[in-house]
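Here this note's numbering is used: the first residue of the sequence shown is 3, the next is one more, and so on. In this text, a Cβ means the ideal position worked out from N, Cα and C, and glycines have one as well.
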Amino acid sequence: MNLEEYFARTGYKGSLEKQDLETLTDIFQHHIRAVPFENLSIHCGEKITLELEHVYNKIVRRKRGGWCMENNQLLGWVLKRLGYDTGFLGAYVFNPHQNAYATIMTHLLVKVVIDGKAYIVDGGFGVSYQMWQPMELVSGKDQPQAPGIFRFTEKNAIWYLEKMRRKQYIPNQNFSNSDLLEKKECRKVYMFSLEPRTVEDFHFQCMYLQTSPDSLFTKKSICTLQTTDGFRALIGWTLTETTYNYKENMDLVEFVTLEDEEVEKTLKEKFNITLDRKLVPINVKGFYTI
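Okay, structure coming up:
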């Protein structure tokens, strides 16, 4: 495993000398625009494991993506190798259909401290809740980014992330009521504490999420990638392409339904992913929003 190979994968060609916020942001943005957030292994009969070398080979050498425990573990390793003060945190994801936070800590985050200021770096959430810049860990402050306005609030040592989106323009009105479309303008994303975590804290969750019939990830085949002006997502057979701020305070959300034979071609063309095994797409209704 080496940094040069990782940066060739993400296309980052900037400075590696400074451990400042500007460099961190640049490295981070190259990662989220090159490495998809995806769970396709589950639907190809592959097992997802969290050993760093396995994650590195999957994302860097096989040019695949991964979920938070893979993406953020790799990102954390890169930043630590570069000399950043980094650590892992664990979050509980908000489920909009149950209107409650998960009871299992399933989301791995990276915390980075620069000049005494703490930032959250999360390269593993995907879709419209994927932050594009490290977020300063400060309560009650609106932090506008291209995807929308993010904000942390802290109460009794628990931190909450929420996001406010713009209005949406959906040309294909057949999808105007799709469960893949976020209905609320302000959405809770996850909650977390500042208790340090290790990758070992997530081994049970990694197995649970890819095997339980109650897991979102067994109910949906998901591949999402951030672009320079929005993001694209393939969930089951539905391809979504979102352009942020298409018009003033409005995002363009375009949907198309793919045929079976178009899925693998779309993965290659839109996400630069070539699978070793046959993908069986799935999209159980009522479990995911973008």
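Tell me the rounded alpha-carbon separation between residue i and residue j.
i    : j    : result
V255 : K272 : 16 Å
G126 : G238 : 19 Å
K185 : E55  : 39 Å
F90  : V265 : 35 Å
D117 : F30  : 18 Å
I106 : S217 : 11 Å
V286 : L182 : 11 Å
L81  : T108 : 22 Å
L76  : G128 : 16 Å
P98  : Y131 : 13 Å
E164 : Q228 : 19 Å
L196 : E138 : 14 Å
S223 : Y210 : 16 Å
Y121 : P136 : 6 Å
Y58  : Y8   : 8 Å
D253 : D124 : 22 Å
E250 : Y94  : 33 Å
R63  : N158 : 43 Å
Q100 : A36  : 32 Å
L23  : K119 : 10 Å
L269 : A102 : 32 Å
F219 : T230 : 26 Å
Using C-beta distances below 6 Å, list every residue in its chain close to residue i, excluding the 5 sequence neighbours before and after it, in chain order.
i    : result
M71  : L52, L110, F204, C208
Y162 : T155, M193
E32  : For the record, residue 32 in the displayed sequence is His; it is not Glu. If we look at H32 and ignore the five residues flanking it on each side, its Cβ neighbours are T12, G13, Y14.
Y86  : Q21, V114
Label residue i either buried or exposed according to how many other C-beta atoms from any shown protein chain fall within 10 Å of its C-beta, with 16 as the threshold for buried.
i    : result
Y171 : exposed
G47  : exposed
I61  : buried
F257 : buried
Q212 : buried
I160 : exposed
V282 : exposed
F96  : buried
F206 : exposed
Taking the alpha helix (DSSP H) that residue i falls in, what are its first and last residues?
i    : result
D203 : D203 -> no alpha helix (DSSP H), and no H or E assigned at all.
T220 : 218 to 221
R35  : 23 to 36
Y58  : 54 to 58
A120 : Segment 119 to 123 is the beta strand (DSSP E) holding A120; no alpha helix (DSSP H) there.
Q75  : 70 to 83
A10  : 5 to 12
M265 : For clarity, residue 265 is Val in the given sequence; the question names Met instead. Residues 262 to 273.
Here's a check: name, in chain order, each residue in its chain whose Cβ is nearer than 8 Å to the Cβ of residue i, leaving out the five neighbours to either side.
i    : result
R83  : L5
K143 : R153, F154
P198 : G89, F90, L91
N174 : E256, F257, V258
Which same chain residues end up closer than 7 Å to residue i when comparing Cβ atoms and leaving out the 5 residues on each side of it in sequence?
i    : result
G78  : T88, F90, V112
M166 : G150, I151, E187, C188
L18  : L84
T259 : W239, T240
A104 : Y94, V95, N97
Starting from residue i, trace the beta strand (DSSP E) both ways and give me its first and last residue.
i    : result
Y171 : 169 to 171
N97  : 87 to 97
Q145 : 144 to 147
R189 : 188 to 194
D253 : 252 to 259
Q175 : Unbroken run through Q175: none, as it is neither H nor E.
K113 : 109 to 116
I106 : Premise fails: I106 is in no beta strand (DSSP E) and is neither H nor E.
N247 : 240 to 249
I want to know whether the stretch 32 to 40 touches the stretch 60 to 67 - three or more CB-CB distances under 8 Å. yes
So, do the stretch 267 to 283 and the stretch 218 to 235 have three or more beta carbon pairs nearer to each other than 8 Å? yes
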